[in-house]
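Asker: Would you mind keeping the following structure in view while I ask a few things?
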Amino acid sequence: MKIVLRSIVIVFSLMLVACGGKEEKKKEGFSVDRAKTSEKTTEADAVTNGVSASERVDLDNKGVGPITSVTLSPEIDADMAKKGEEVYTQMCMACHRVDKKFIGPAPTGILKRRSPEWVMNMILNPEVMVKEDPLAKELMAEFNGAPMANQGLTEDQARNVLEFFRTLE
Amino acid sequence: MKKYSFYLAAILGPILLLSACGNQNGKASSDGALASNNAEKVYVAPGEHDEFYAFMSGGYSGNVTVYGLPSGRMFKEIPVFSQFPTNGYGYSEETKPMLETSFGFIPADDSHHPDISQTNGELDGRWLFINGNNTPRIARIDLKTFETAEIIEVPNSAGNHSSSYITENSEYVVAGTRFSVPVPQRDMPIKDYKGNFKGALSFISVEPETGRMDIKFQLIMPGFNYDLSHPGRGKSHGWFFFTTYNTEEANTLLEVNASQNDKDFIAAVNWKKIEEYVENGGGTMVPANYAHNVYSDETHSATSTMKKEVLTVDPTKVPGAIFFMPTPKSPHGVDVSPSGDYIIGNGKLSADLTVFSFDKMIAAIEGKKFDGEAYGLPILKFEDVLGGTVKSGGLGPLHTEFDGEGNAYTTFFISSEVVKWKLGTWEVIDRKPTFYSVGHCMIPGGNSAKPFGKYLISLNKITKDRYLPTGPELEHSAQLYDISGDKMELLYDFPTHGEPHYAAAIPASILAPKSQKIYKLAENEHPFATKNVSEARVVREGNEVHVYMAMIRSHFTPDNIEGIKVGDKVYFHITNHEQDFDVPHGFMMIGQKNSGLLIMPGQTKTSVWEPMQEGVWPFYCTDFCSALHQEMQGYIRVSPAKSNIDISWSLGE
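Protein chains in written order, with my numbering: chain A, 1 to 169; chain B, 170 to 822.
As structure tokens, this is what we get:
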């Protein structure tokens, strides 16, 4: 046991000496033993037919939750979209950046892939969605198991957020 | 006292064992059917809820604990007068002002007598009041958030013990001094106590909508010890009753010297009359210095204001407002029956209870049948006001509660029992031992016009062998009795935290529906809140650095910060962006000479960190928040004091 401890101490001292501890933090390869299998292996679990859940198009799925039918007006309601953007900025942006994948997927172009009902149910009923909606379930796996938080939006607020999403092409 | 009861137990124990027919130690009877019946009565199945909330004072913990009845499960400790590292109360910048006093920041106290707000004499469940005994203060706890909303210091008081009882419409919360002191405080010989020290009884108004407290007036009474108090109710509404002891006005060896008089007093105070007097300009405004601390749910912050004067009333200037009723043997509790007819004096060195009749008291006052006076205040004749005597056969009565069915329940400290007796006939109906040496007891609503009955809890002072031993220091014990039948039945026994001197309970159906789940982020008015992650930033102001940080499952924004220097004072202002029930996040920073924070959804809290050493130092979430909780962490780079590295921050870059 002592020997093991000693050798650990020695190894650590060597490591300290080796990487200098001080100043310049040039990206020296410290990753002796940590051969990475490159940054992104294709996330095998989250892929169906080679298309990840976040990329897949499924406009028929309405999801699970209080919203069964949403009618979108031909024109985007700018007032609603503005209100939606305010809510989005406060309640959603910690995890969803507008046009890049962050903790969760980006909403830009979401309505090309999802039905409006599915989007609103995901906002309003995330705990159930990730358990019962197969696509939401896959998405959670794709996004490292990070659960979508229920931010307690009202249906009106969620509808406004949806209108805001329509502006994100 | 402990020694005596130990010897008593040693002597009486074997006798009881020999003479009694079983259940004297309160252990589950060998009668299996009976035991399982009792188990059913306290069993709250997994996922089911208790019938009552019970709020227990924490004694020297300075806090309040919340229990469920009948299960005896503890739900929460509410920090009140003491710093509470569990969630950062009294450590966070927002809550430090709650513990400000005229003595400066005081980190602990001794909390005693919780009382729930009332409307028309019935519990309305809006607020819970509790007294800090040592550095005299009254706190108001909001029963929507179960958090301390306000604390007011009580000047001219010392040992704030005959507190914090409220009148039947929560007009006032009353705080009486146990120790008399020089008023105003001044340097004088202790031996000159007699005739010079005073006892202040403070009537603190409660604003009907907000609950906001303000000292309306202080009665500057003779220098006795004012031990406990209770409001009149129903017909006696408008009066308040205080027990006194040490009417001898001894200043040393009170154990002997304050037990010389055969009778002390219950002071009957007609507060309506005094209220009228001060509203007509009566009383003297005197200089004072006391803190008034108020917490806001919008700014999530407390403010502390020092008040500089208080209105005092010389009781001899308000004829007909204050009378003394002679009461045997250094009374402790003074309790008023639900109808307001009877005032019960619990003479703690006596075997009997003295019951005064409110009607007789009024008649005696009207007939001016006085038996002398004390410092200009009339003393009523004992025989004229006596309504009855309960010959209990117990020893050391302390406190009485009521069940709303015409029965009263008195605790006896020395004989360690609860005695049930009938109001009006004064006959003893039942008695049950407690384990051991009971102080107060509590019946849900038992201190109101409409008690809920059903259960009684004895709050015991001595635990000894009730639970598995945990070294010399033990929690106190409580016993739960079913009082729905003629005879009380001991159901259950559970430890309580700190030293619960008293408790108050209310049906869960009143409180649970309005218990708040989250704070709305949109309504957060904290000046350092980060309501949008786009506003998260780090700002240097000299050697102060303000980190505007947001948190949500499971990351901090930002989580990498550079440009901090040794010698800086770093304020982490952290806003929890969750809006779902029961998703708090925690925060701790390595080497922090402070507590961590526990931040509720929608709330902002601030913690200070003073980096002492160069390096790269981590912080993390302390509340297991999601499957990725272990990933919820960040780094702060600390450079030498003279370094010229600019402040920068990032997340995911």
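C-beta: ideal position from N, C-alpha, C; glycine also.
#1: For the beta strand (DSSP E) that contains residue 291 of chain B, what are its first and last residues?
#2: So, does the CB of residue 91 of chain A fall closer than 9 Å to a CB anywhere in chain B?
#3: Closer than 6 Å by C-beta to residue 305 of chain B: which residues in its own chain qualify, once you throw out the five before and the five after it? Chain order, please.
#4: What does DSSP give as the partner residue(s) for residue 787 of chain B in the beta ladder?
#5: Which of the three DSSP states is assigned to residue 159 of chain A in this structure?
#6: In whole angstroms, what separates the C-alpha of residue 662 of chain B from that of residue 103 of chain A?
#7: Closest Cβ-Cβ distance between residue 141 of chain A and chain B: below 9 Å?
#8: Assuming residue 337 of chain B contacts residue 289 of chain B (C-beta within less than 8 Å), just tell me the rounded distance between them.
#9: Under 9 Å, do residue 282 of chain B and residue 333 of chain B count as touching if we go by C-beta distance?
#10: Would a check of beta-carbon distances place residue 102 of chain A closer than 9 Å to chain B?
#11: Could you list which residues in chain A have their beta carbon closer than 9 Å to that of residue 748 of chain B, in chain order?
#12: May I have the straight-line CA-CA distance separating residue 812 of chain B from residue 803 of chain B, to the nearest angstrom?
#13: Give the range of the beta strand (DSSP E) segment to which residue 320 of chain B is assigned.
#14: Looking at the secondary structure, which residues open and close the beta strand (DSSP E) in which residue 729 of chain B lies?
#15: Quick check: what's the CA-CA separation for residue 89 of chain A versus residue 703 of chain B?
#16: Between the Cα of residue 296 of chain B and the Cα atoms of B:589, B:423, B:379 and B:261, which residue gives the shortest distance?
#17: Which residues in the same chain have their Cβ closer than 7 Å to the Cβ of residue 819 of chain B, if we skip the five residues on either side of it in sequence?
#18: Do you know how far the Cα of residue 765 of chain B is from the Cα of residue 823 of chain B?
#19: Report the three-state DSSP secondary structure of residue 248 of chain B (helix, strand or coil).
#20: Exposed or buried, what is residue 60 of chain A when buried is set at 16 or more other beta-carbons lying within 10 Å of its beta-carbon?
#21: With a cut-off of 8 Å on the beta carbons, I'd call residue 480 of chain B and residue 450 of chain B a contact; round off their distance for me.
#22: What's the call for residue 317 of chain B, buried or exposed, on a 16-neighbour Cβ count within 10 Å?
#23: Tell me, please, which residues DSSP counts as bridged to residue 369 of chain B.
#24: At the level of alpha carbons, what is the spacing between residue 724 of chain B and residue 91 of chain A?
#25: Leaving out five residues before and five after residue 285 of chain B in sequence, what residues of the same chain have Cβ atoms less than 6 Å from its Cβ?
#26: Cβ atoms of residue 522 of chain B and residue 150 of chain B: under 9 Å apart, would you say?
#27: Determine the extent of the alpha helix (DSSP H) in which residue 553 of chain B is found, giving its start and end residues.
#28: The alpha helix (DSSP H) with residue 84 of chain A in it runs from where to where?
#29: What would DSSP say about residue 118 of chain A, mapped onto helix, strand or coil?
#30: Need the endpoints of the alpha helix (DSSP H) that residue 131 of chain A sits in, please.
#31: Excluding five sequence neighbours on each side, which residues of the same chain lie with their C-beta closer than 7 Å to the C-beta of residue 360 of chain B?
#32: Here's a check: name, in chain order, each residue in its chain whose Cβ is nearer than 7 Å to the Cβ of residue 165 of chain A, leaving out the five neighbours to either side.
#33: Would residue 468 of chain B count as contacting chain A if we go by Cβ distances under 9 Å?
#34: Report the option in B:225, B:269, B:215 and B:224 whose CA atom is closest to the CA atom of residue 476 of chain B.
#35: Quick one: any contact between the region 569-580 of chain B and the region 502-520 of chain B, if contact means 3 or more CB pairs under 8 Å?
#36: Does the beta-carbon distance from residue 525 of chain B to residue 556 of chain B come in below 9 Å?
Answerer: According to the structure data:
#1: One-based indexing of the second sequence puts residue 291 of chain B at position 122. Per DSSP, residue 291 of chain B belongs to the beta strand (DSSP E) from 291-301.
#2: The count along the first sequence starts at 1 and reaches residue 91 of chain A at position 91. Yes, its Cβ sits closer than 9 Å to a Cβ of chain B.
#3: In the second sequence, the residue the question calls residue 305 of chain B occupies position 136. Contacts found: 323, 326 and 329.
#4: Residue 787 of chain B sits at position 618 when you count from the first residue of the second sequence. Note: residue 787 of chain B sits in a beta bridge opposite B:804.
#5: For the purposes of this step, residue 159 of chain A is taken as the residue at position 159 of the first sequence. Reduced to three states, the DSSP call for residue 159 of chain A is helix.
#6: The residue labelled residue 662 of chain B in the question sits at position 493 within the second sequence. The residue labelled residue 103 of chain A in the question sits at position 103 within the first sequence. So the two alpha carbons sit approximately 49 Å from each other.
#7: As a working mapping, residue 141 of chain A is identified with position 141 in the first sequence. At a cut-off of 9 Å, the C-beta of residue 141 of chain A has no neighbouring C-beta in chain B.
#8: Along the second sequence, read from residue 1 onward, the residue named residue 337 of chain B stands at position 168. Along the second sequence, read from residue 1 onward, the residue named residue 289 of chain B stands at position 120. Yes, they are in contact, since the Cβ atoms of residue 337 of chain B and residue 289 of chain B sit about 7 Å apart, within 8 Å.
#9: Within the second sequence, numbered from 1, the residue matching residue 282 of chain B stands at position 113. Within the second sequence, numbered from 1, the residue matching residue 333 of chain B stands at position 164. For residue 282 of chain B and residue 333 of chain B, yes; Cβs fall inside 9 Å.
#10: Residue mapping note: residue 102 of chain A aligns to position 102 of the first sequence, counting from 1. Yes, residue 102 of chain A counts as interfacial toward chain B.
#11: By 1-based counting over the second sequence, the position of residue 748 of chain B is 579. Contact annotation for residue 748 of chain B against chain A: 91, 149, 150, 151, 152 and 153 [CB-CB distance below 9 Å, chain order].
#12: The residue you call residue 812 of chain B lines up with position 643 of the second sequence. The residue you call residue 803 of chain B lines up with position 634 of the second sequence. Annotation: residue 812 of chain B to residue 803 of chain B spans about 22 Å, alpha carbon to alpha carbon.
#13: Mapped onto the second sequence, residue 320 of chain B falls at position 151. Per DSSP, residue 320 of chain B belongs to the beta strand (DSSP E) from 316-322.
#14: Locating residue 729 of chain B in the second sequence gives position 560, counting from the first residue. That run of the beta strand (DSSP E) goes 729-734.
#15: To locate residue 89 of chain A, count along the first sequence from 1; it is residue 89. To locate residue 703 of chain B, count along the second sequence from 1; it is residue 534. So the two alpha carbons sit approximately 8 Å from each other.
#16: Locating residue 296 of chain B in the second sequence gives position 127, where the first residue counts as 1. Comparing Cα positions, the closest option is B:379.
#17: As a working note, residue 819 of chain B is residue 650 in the second sequence. Answer for residue 819 of chain B: 727 and 729, listed in chain order.
#18: No statement about residue 823 of chain B is possible, as the shown extent of chain B runs from 170 to 822 and does not include it.
#19: Translated into positions along the second sequence, residue 248 of chain B becomes position 79. For residue 248 of chain B, the secondary structure class from DSSP, reduced to helix, strand or coil, is coil.
#20: The residue labelled residue 60 of chain A in the question sits at position 60 within the first sequence. It counts as exposed.
#21: Here residue 480 of chain B is taken as the residue at index 311 of the second sequence, counted from 1. Here residue 450 of chain B is taken as the residue at index 281 of the second sequence, counted from 1. About 10 Å separates the two Cβ atoms, so there is no contact after all.
#22: For the purposes of this step, residue 317 of chain B is taken as the residue at position 148 of the second sequence. Its Cβ being crowded by 16 or more others within 10 Å, residue 317 of chain B is buried.
#23: As a position in the second sequence, residue 369 of chain B is number 200, starting the count at 1. Paired residues: B:389.
#24: Here residue 724 of chain B corresponds to residue number 555 of the second sequence, with the count starting at 1. Here residue 91 of chain A corresponds to residue number 91 of the first sequence, with the count starting at 1. Going from the Cα of residue 724 of chain B to the Cα of residue 91 of chain A covers about 15 Å.
#25: Residue mapping note: residue 285 of chain B aligns to position 116 of the second sequence, counting from 1. Cβ neighbours of residue 285 of chain B beyond the five flanking positions: 292, 297, 673 and 675.
#26: Here chain B comprises residues numbered 170 to 822, so residue 150 of chain B is not present and cannot be evaluated.
#27: Walking along the second sequence from the start, residue 553 of chain B turns up at place 384. Residue 553 of chain B: member of the alpha helix (DSSP H) spanning 551-554, first to last residue.
#28: Reading the first sequence from its first residue, position 84 is the one you call residue 84 of chain A. From DSSP, the alpha helix (DSSP H) with residue 84 of chain A extends over 78-91.
#29: Taking the first sequence and counting its residues from 1, one reaches residue 118 of chain A at position 118. The answer is helix: DSSP assigns residue 118 of chain A an H, G or I state.
#30: Indexing the first sequence from 1 puts residue 131 of chain A at position 131. Note, residue 131 of chain A: alpha helix (DSSP H), 126-132.
#31: Within the second sequence, the letter at position 191 stands for residue 360 of chain B. Excluding its 5 nearest sequence neighbours in each direction, residue 360 of chain B has C-beta neighbours in its own chain below 7 Å: 420, listed in chain order.
#32: On the first sequence, residue 165 of chain A is found 165 positions in, with the first residue counted as 1. Only residues of its own chain outside the window of five on either side were considered, and among them 107, 110, 111 and 119 have a CB closer than 7 Å to the CB of residue 165 of chain A, listed in chain order.
#33: On the second sequence, residue 468 of chain B is found 299 positions in, with the first residue counted as 1. It does not: the Cβ of residue 468 of chain B has no partner Cβ on chain A nearer than 9 Å.
#34: Counted from its first residue, the second sequence places residue 476 of chain B at position 307. Selection B:225, B:269, B:215 and B:224 evaluated against residue 476 of chain B yields B:269 as nearest (Cα-Cα).
#35: These segments touch.
#36: Along the second sequence, one-based indexing puts residue 525 of chain B at 356. Along the second sequence, one-based indexing puts residue 556 of chain B at 387. The answer is yes: Cβ separation under 9 Å.
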